[in-house]
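Have a look at the structure below, then the notes.
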Amino acid sequence: MAKPLPSGRSWSLVAASAGLGGRWPRPLCPGPAGRGAASSRGAEQRLKGAEELPGPGALHSLYWLVLRGYLLHTHRLQVISKRNYGPMWKSTFGSYKNVNIGSPEVLAQLLRQEGKYPIRSDMAVWKEHRDKRHLPYGPFTEDGERWHRLRQVLNQRMLKPSEAVLYAGAINEVVSDLMVRLQDERAGSPSGVLVRDVANVLYRFALEGISYILFETRIGCLQLQIPAKTQHFIDSIGLMLKNSLFVSFLPQWTRAWLPFWDRYLQGWDTIFAFGKTLIDRRMEELEGQLERGEEVSGYLTYLLASGRLSREEVYGSIAELLLAGVDTTSNTLSWALYHLAQEAEIQEAVHQEVTSAVPRGHIPDAADLTKMPLLRAVIKETLRLYPVVPTNARIIAEKDVVVGGYLFPKDTLFVLAHYALSHDETSFPDPERFLPRRWLREHSPSHHPFSSIPFGYGVRACVGRRIAELEMHLALARLIQTFTVRPDPQGAEVKPLARIVLVPDKPIDVELIDRRAGP
Ligand code: HEM
């Protein structure tokens, strides 16, 4: 029988942080949390310490992650570790000491104790770039009161459903270009219907969509010939992300000798320069519009005109919003198409739903989406099977906390094993199957509310959730309205890899059959 496996640290939101080195943390004495919890259960119930948690040692972890090749499969390790160690386990990776949370009850208990200013992880290498270039932090990198102030401004025009629907027109404009791009891609294939690497096309769609919302400018990602500056910007995102993997794990002294650090900084510099040019241009236009007494609107306009953020703060926030808004939606849509292509019956039911909600020849809009519960369930199920952020984190810095009968000192790093949680058969019977109907009301879902929380939790949850959902729903509705999606007959099974987000391990190729033309 295989030995129990460690749960490593996924290269994810957690990994851009520096470690909390040293030994397993011990509370000096049970703080108020500890005393309260102990007394409520009776004095004889002793609270256990982190060192008493089950879990693999440092060498054992290293063996599985490096030698057994699980570094890019940490999502699978979560599942195995949970099976071996139970709802909570400790793990070590380098100098990192993690307390992993793998049950919805324990997760709820932890997250309900997070304070006013939750901390995810310290995002050290992102902060280093900002510090080096004297740039302000954005929503990912900022913490404490400053983060709270930033989120109050950013949330306003993004998170309220009534505000988010105002972007539907802009998103639909980009969806129309996506359809043209897909028509071109399939027309150029030997069979006339195959689209190779659909995630790549959807990446361009997501980048165009979020840029249009944030900069109020089209940047041409869906054009046949992408403008050179936009292409340079796209390449820089890739450069930064790829190299941040290395700079997070390599010791600092290697930076003078290896190329990764310089490439990483260079990637960020181009991202900021591109954003700055578009923001400054918009600012000039805005000043002209205001002088002429014209009405102005849009997200960037709102940020610039609110007077609550300096221009530099806008640069910092827009760059981080942009980064968060691309791989997330594009990968989710790619996985959704991958499964719908294989599940003809579900796809037909979604098509039925779309055609009954949207009159013939009309483009689906935000109001139509309310009549498409199955389509929305497809996205929920996709995010359950492939949580974009398979591993998240929390550091409770304000106080010691009691979780699952253990007392943890403040600053303990909790790793939230979202992938294991949403693949647990107690919450989701037949967990590896794509069954969107499990989310429909008539199927009376019985899962715990914390078993699948793909957008996170609480005040620190995803700020782009409403926009992301709107974008994915509108794009999927139009795709299913226009095409029958089929798997590539030559295609192989595609599995997820835990990179920055959960990504396909090989290109997803699909056939798109025009519904009007027939097969
Ligand atoms: C499928 C789409 C998406 C998923 C599944 C997703 C998921 C997440 C998750 C899990 C978090 C961490 C939440 C927490 O720690 O509790 C997060 C944070 C964040 N997301 Fe998203 N996201 C998506 C799309 C977007 C989009 C489109 C944007 C930008 C418009 C965005 C912007 C952000 C930002 C700025 C944060 C950091 C918030 C903070 O720390 O205050 N996300 N997202």
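If you use full-length UniProt numbering, the sequence shown corresponds to residues 1 to 519, in order.
Cβ atoms here follow ideal geometry from the backbone N, Cα and C, with glycine treated the same way.
The model shown is predicted, which means the values in this text are computed figures rather than measured ones.
Along the chain, which unbroken stretches of the alpha helix (DSSP H) at least 4 residues long are found entirely within the region 350–393? 366–369 and 373–385
For Met283, does the three-state DSSP call read helix, strand or coil? For the purposes of this step, residue 283 is identified with residue 283 of the sequence shown, where counting begins at 1. DSSP places Met283 in helix when its eight states are reduced to three.
Environment of Leu470 [buried if 16+ CB atoms lie within 10 Å]: Taking the sequence shown and counting its residues from 1, one reaches residue 470 at position 470. Classification for Leu470: buried.
Beta-carbon within less than 8 angstroms of Glu52's beta-carbon, same chain only, minus the 5 sequence neighbours each way: which residues are those? Your numbering for residue 52 matches position 52 in the sequence shown. The beta carbon of Glu52 sits closer than 8 angstroms to those of Tyr406, all from its chain and outside the five residues before and after it, given in chain order.
If the criterion is Cβ atoms closer than 7 angstroms, does the pair Ser427 and His448 meet it? As a working note, residue 427 is residue 427 in the sequence shown. As a working note, residue 448 is residue 448 in the sequence shown. Against a cut-off of 7 angstroms, the Cβ pair of His448 and Ser427 comes out as a contact.
Find out if the Cβ-Cβ distance for the pair Thr332, Met472 is shorter than 7 angstroms. Looking up residue 332 in the sequence shown gives position 332. Looking up residue 472 in the sequence shown gives position 472. Cβ distance < 7 angstroms, so Thr332 and Met472 count as in contact.
Figure out for me which residue from Lys90, Lys48 and Gly49 has the closest Cα to the Cα of Ser61. On the sequence shown, residue 61 is found 61 positions in, with the first residue counted as 1. Residue Lys90 is the option with its Cα nearest to Ser61.
Among residues of its own chain, excluding the 5 on either side of Ser451, which ones have a beta-carbon nearer than 8 angstroms to its beta-carbon? Sequence index remark: in the sequence shown, residue 451 carries index 451 (1-based). Counting only Cβ-Cβ distances below 8 angstroms, and skipping sequence neighbours, we find Pro104, Leu421, Ser422, Asp424, Ser427 and Phe428.
Please report the straight-line C-alpha distance between residue 530 and Arg204, rounded to a whole angstrom. Outside the modelled stretch of the chain, which goes from 1 to 519, sits residue 530, for which no answer is possible.
So the candidates are His418, Leu110, Phe233 and Ala492; which of them puts its Cα closest to the Cα of Thr412? The residue labelled residue 412 in the question sits at position 412 within the sequence shown. The option with the nearest alpha carbon to Thr412 is Leu110.
Validate contact between the region 475–491 and the region 139–151 using beta carbons, cut 8 angstroms, 3 pairs: no
Is the separation between the beta-carbon of Ile395 and that of Tyr299 shorter than 7 angstroms? For this step, residue 395 is matched to residue 395 along the sequence shown. For this step, residue 299 is matched to residue 299 along the sequence shown. Contact flag unset, no.
beta-carbon Val388 near ligand 1 non-hydrogen atom, thresh 6 angstroms: If you number the sequence shown from 1, residue 388 lands on position 388. Yes, the beta carbon of Val388 sits closer than 6 angstroms to at least one heavy atom of ligand 1.
Does the distance between the C-beta of Phe140 and the nearest non-hydrogen atom of ligand 1 fall short of 6 angstroms? Residue mapping note: residue 140 aligns to position 140 of the sequence shown, counting from 1. Correct: Phe140 has its Cβ closer than 6 angstroms to ligand 1.
Buried versus exposed call for Arg281 [16 or more other C-beta atoms within 10 Å across all chains shown]: For the purposes of this step, residue 281 is taken as the residue at position 281 of the sequence shown. Flag for Arg281 reads exposed.
Using DSSP with H/G/I as helix, E/B as strand and the rest coil, what is Lys82? For the purposes of this step, residue 82 is taken as residue 82 along the sequence shown, with counting starting at 1. Lys82: helix per DSSP, three-state reduction.
To the nearest angstrom, how far is the alpha carbon of Ile379 from that of Arg292? Residue numbering aside, residue 379 sits at position 379 when the sequence shown is read from its first letter. Residue numbering aside, residue 292 sits at position 292 when the sequence shown is read from its first letter. Spanning the two alpha carbons is a distance of roughly 44 angstroms.
CB Val193 to CB Glu442, shorter than 7 angstroms? As a working mapping, residue 193 is identified with position 193 in the sequence shown. As a working mapping, residue 442 is identified with position 442 in the sequence shown. Taking 7 angstroms as the Cβ cut-off, Val193 and Glu442 do not qualify as a contacting pair.
Which value, in whole angstroms, describes the spacing of the CA atoms of Met123 and Ala324? Mapped onto the sequence shown, residue 123 falls at position 123. Mapped onto the sequence shown, residue 324 falls at position 324. So the alpha carbons of these two residues sit roughly 14 angstroms apart.
Exposure of Cys29, with buried meaning 16 or more beta-carbon neighbours within 10 Å: Residue numbering aside, residue 29 sits at position 29 when the sequence shown is read from its first letter. Confidence is the limiting factor: at Cys29 the pLDDT is only 44, short of 50, which leaves the residue's position unreliable and the question unanswerable from this model.
Val463 Cβ short of 6 angstroms to ligand 1 heavy atom set: Mapped onto the sequence shown, residue 463 falls at position 463. Correct: Val463 has its Cβ closer than 6 angstroms to ligand 1.
Run the CB neighbour count on Gln347, radius 10 Å, all protein chains shown included, and call it buried at 16 or more, exposed below. Walking along the sequence shown from the start, residue 347 turns up at place 347. The residue is buried, with at least 16 neighbouring Cβ atoms inside 10 Å.
Taking the runs of the beta strand (DSSP E) that are 3 residues or longer, which of them lie wholly in the region 407–462? 413–417
Leu375 and Pro454: beta carbons closer than 7 angstroms? As a position in the sequence shown, residue 375 is number 375, starting the count at 1. As a position in the sequence shown, residue 454 is number 454, starting the count at 1. No.
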